[in-house]
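What follows is a short report on a single structure.
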Amino acid sequence: MTLSFAPNASRLHELKVHSLDQLTEMVHDNFYELECRYTAPDRCHTRALAARFKDSLVSLVDTAPVIFNRTDQASARSETGTFKIMWQIAGNSCIRQNGREAMLVPGNWAVYDSTRPYSVNVLDRDSRFMVLFLPQTEAYRSEERRVGKE
């Protein structure tokens, strides 16, 4: 199974960008179709280190303040649903999905669904977070195996 949500992701790679156009291209090519917007025009930098593990992808991201939006249209075009598990390491972020909001501070984590619209607002300079992209089919398959053993 290939990661259709990250078609250009190799086994392990590092990506660095210094403009909004570069960020948008990096996100679209390696992760998802997201609308991106740096919120501090004088600070446009993002670095992502990504690695594959079987059918999952994990990425460590260092970034300036930025907003990532997953629109209704982009969610509807998604071939593969994933659960995204975001762990905040430094700085603060706010995730919004389905009318709910989660504020992440260092040490907090949240789970959200790529098949539904969401936004991630990275609020602080020099923020760092890790995101695990777990295919929903794998998550449900694990549950089926566990239930089958009971």
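The numbering of the sequence shown is numbering that gives the first Met the number 0, which starts it at 0 and goes up by one. Glycine included, C-beta positions come from ideal geometry on N, C-alpha and C. All values derive from a computational prediction rather than experimental measurement.
Review point. Between the C-alpha atoms of V104 and A89, what's the straight-line distance to the nearest angstrom?
Key: When rounded, the distance between both Cα atoms is 7 Å.
Review point. Between which two residues does the beta strand (DSSP E) containing R36 stretch?
Key: Its beta strand (DSSP E) spans residues 34-37.
Exercise for review: Would you mind stating whether M85 and V130 have Cβ atoms separated by less than 8 Å?
Suggested key: The Cβ atoms of M85 and V130 lie closer than 8 Å to each other.
**Study point:** V104 in three-state terms, based on DSSP
**Key:** Assignment of V104 by DSSP, reduced to helix, strand and coil, places it in the coil class.
Review point. Apart from the five residues on each side of it in sequence, which residues of its chain come closer than 6 Å, Cβ to Cβ, to A95?
Key: Per the sequence presented here, residue 95 reads as Arg, with Ala not at that position. The answer, listed in chain order, is S118.
**Study point:** Buried versus exposed call for K83 [16 or more other C-beta atoms within 10 Å across all chains shown]
**Key:** By the 10 Å Cβ count, K83 comes out buried.
**Study point:** Distance CB(L14)-CB(M25) smaller than 8 Å
**Key:** Taking 8 Å as the Cβ cut-off, L14 and M25 qualify as a contacting pair.
Practice item. Grab the span of the alpha helix (DSSP H) containing S74 for me, first residue to last. Key: Start and end: 71-76.
Review point. What residue does the alpha helix (DSSP H) around D61 start on, and which one ends it?
Key: In this chain, D61 is not harboured by any alpha helix (DSSP H); it is covered by the beta strand (DSSP E) spanning 55-62.
Review point. On the premise that R42 lies in contact with R115, defined as a C-beta separation below 8 Å, what is that separation, rounded to the nearest angstrom?
Key: Between R42 and R115 the Cβ distance is about 30 Å, and since that is not below 8 Å, they are no contact.
Exercise for review: Determine, using beta carbons only, whether R36 and V65 come nearer to each other than 8 Å.
Suggested key: Cβ distance < 8 Å, so R36 and V65 count as in contact.
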